[in-house]
């Protein structure tokens, strides 16, 4: 079941994650990390 998650960045690029539940917050956190550190995350999976 899909839940709502919203990611808002400040003028300094700091992400604020708003989510309906903990699982959605985790998804939002993973999304932000992949945006900010995509290369490092990919290398960590290899």
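In the working numbering, the protein residues as written are 5 to 50.
A virtual CB, placed ideally from N, CA and C, is assigned to each residue, including glycine.
Query                                                                                                  : Result
Can you grab the Cα-Cα spacing for the pair residue 29 / residue 37, in whole Å?                       : 12 Å
Have a look at residue 40 and residue 33 and give me their C-alpha separation to the nearest angstrom. : 11 Å
Measuring CA to CA, which of 16, 44, 9 is closest to residue 25?                                       : 9
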